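One structure is given here, and the rest of the page talks about it.
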Amino acid sequence: MTTADIKALLQAHGIVPNRALGQNFLADEAAAQTIVAAVNPNQFPVLEIGPGLGALTEVLLQHATRVVAVEIDAAMVRILKSRFDDTPSFTLVHADFLKVDLEQLSPFLDPACVVAANLPYYITTPICMKLLTSSLPIARMALMLQKEAADRFTALPGSRQYGPLAVLAQRYFSITPCMALPPARYYPQPEVDSVVLTFTQKDDVLRLPTLPNVLAATFAMRRKTLFNNLRAAGFSKDGATALLEACGLPPAARAESLPPESFARLAECWEPFAFKA
Ligand code: SAM
Numbered sequence: 081m082t083t084a085d086i087k088a089l090l091q092a093h094g095i096v097p098n099r100a101l102g103q104n105f106l107a108d109e110a111a112a113q114t115i116v117a118a119v120n121p122n123q124f125p126v127l128e129i130g131p132g133l134g135a136l137t138e139v140l141l142q143h144a145t146r147v148v149a150v151e152i153d154a155a156m157v158r159i160l161k162s163r164f165d166d167t168p169s170f171t172l173v174h175a176d177f178l179k180v181d182l183e184q185l186s187p188f189l190d191p192a193c194v195v196a197a198n199l200p201y202y203i204t205t206p207i208c209m210k211l212l213t214s215s216l217p218i219a220r221m222a223l224m225l226q227k228e229a230a231d232r233f234t235a236l237p238g239s240r241q242y243g244p245l246a247v248l249a250q251r252y253f254s255i256t257p258c259m260a261l262p263p264a265r266y267y268p269q270p271e272v273d274s275v276v277l278t279f280t281q282k283d284d285v286l287r288l289p290t291l292p293n294v295l296a297a298t299f300a301m302r303r304k305t306l307f308n309n310l311r312a313a314g315f316s317k318d319g320a321t322a323l324l325e326a327c328g329l330p331p332a333a334r335a336e337s338l339p340p341e342s343f344a345r346l347a348e349c350w351e352p353f354a355f356k357a
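Each residue of the sequence shown is one higher than the last, beginning at 81 in my numbering.
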């Protein structure tokens, strides 16, 4: 969609973009094609978060077996219905993505899916935490993010931005930059620069159901040691000591300095020690 297409569609429906919902619509057709090529939805169903007026949706529908799009705004839903209701491979869910039960979407997204989104930037972290801790069989993702938020996915141990998001993303996916987009490529223009990151699932890595708990406990107080964070999470002295020993981790280490593999080890060993906590 071009800026002229977006303005015409909004005017035809009497709608003003809702900035509180992060409505900065992609007005760059080449960029939409590049994002879709990066996520390569051929033969896959796609989960799209925040389809808006459908700039990415229309390209995704040309390639994917199905597009399941979750949009919160009733005005956008009206427009999306008017554009794509005749397309059998389009499934529109009118809901807040943060409240959607992803289990209910899995029949559409099994046995493997891809995720594409020009994210509403005000809730980038909770959306991505939901995706990264879900059991959805995600093969690839192309996510458009505020530039500063993108750094939190690729941050290395020891840096200020390193945290649960980086650990989860790097543990499960190889992350590559796809492109950068200045504000002029959107209507209305945001005040920030954007980038698209591509996430490709690592083949040899199993999902660890306890990893979110490990990250919540160990990063709870960034400046505290692992031992003290485990104690604050309810572990006994012996339980915390035994868990760290089993994982070969020094009690005085801090979460912010450990690589994703250390958290995976903690997650693998977590349960028997947690029960003794
Ligand atoms: N995908 C479109 C595009 O690229 O032009 C729109 C992207 S716009 C940056 C973000 C979209 O997410 C808007 O349509 C907005 O209404 C929607 N949105 C905001 N919060 C949401 C939420 N909690 N759940 C689902 N959609 C949401």
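A virtual CB, placed ideally from N, CA and C, is assigned to each residue, including glycine.
Remember, predicted model here, so these are calculated numbers, not experimental data.
Under 7 Å: does the beta carbon of residue i sit that close to some heavy atom of the ligand SAM?
i	result
L136	yes
V194	no
G359	Any property of residue 359 remains undetermined from this structure, which presents the chain solely from 81 to 357.
Q113	no
P200	yes
I159	no
I203	yes
M156	yes
F164	no
F315	no
Q142	no
L101	yes
F177	yes
L133	yes
N122	no
F170	no
L90	no
L74	No answer is possible for residue 74: the residues shown for the chain start at 81 and end at 357.
I'd like to confirm the pairing. Which residues does DSSP put opposite residue i in its beta bridges?
i	result
Y267	F105
Q281	F253
V139	DSSP output for V139 lists no bridge partner at all.
N198	M224
H174	E151
L261	S274
L127	V148 and V195
I218	C193
Assign residue i to buried or exposed, taking buried as 16 or more other Cβ atoms, counted over all protein chains shown, within 10 Å of its Cβ.
i	result
L178	exposed
M301	exposed
V285	exposed
A92	exposed
E138	buried
T204	buried
E151	buried
N98	exposed
Y202	exposed
D108	buried
V96	exposed
E351	exposed
Q184	exposed
L329	buried
T113	Just to set this straight, residue 113 is Gln in the shown sequence, not Thr. When all chains shown are included, Q113 counts as exposed.
D318	exposed
P340	buried
T167	exposed
G132	buried
A100	exposed
S342	buried
L136	buried
Taking 7 Å as the cut-off, is the CB of residue i close to at least one heavy atom of the ligand GTP?
i	result
I152	This structure simply doesn't include the ligand GTP; it includes the ligand SAM instead.
- Message: Measuring CB atoms only, is the stretch 265-280 touching the stretch 98-117, in the sense that at least three cross pairs come out at less than 8 Å?
- Response: yes
- Item | Any 3 or more C-beta pairs closer than 8 Å across the stretch 121-133 and the stretch 141-161 | yes
- Query: Taking contact to mean at least 3 C-beta pairs separated by less than 8 Å, is the stretch 210-227 in contact with the stretch 296-313?
  - Reply: no
- Could you tell me whether the stretch 154-161 touches the stretch 222-232, where touching means 3 or more Cβ pairs closer than 8 Å? no
- Any 3 or more C-beta pairs closer than 8 Å across the stretch 245-252 and the stretch 187-203: no
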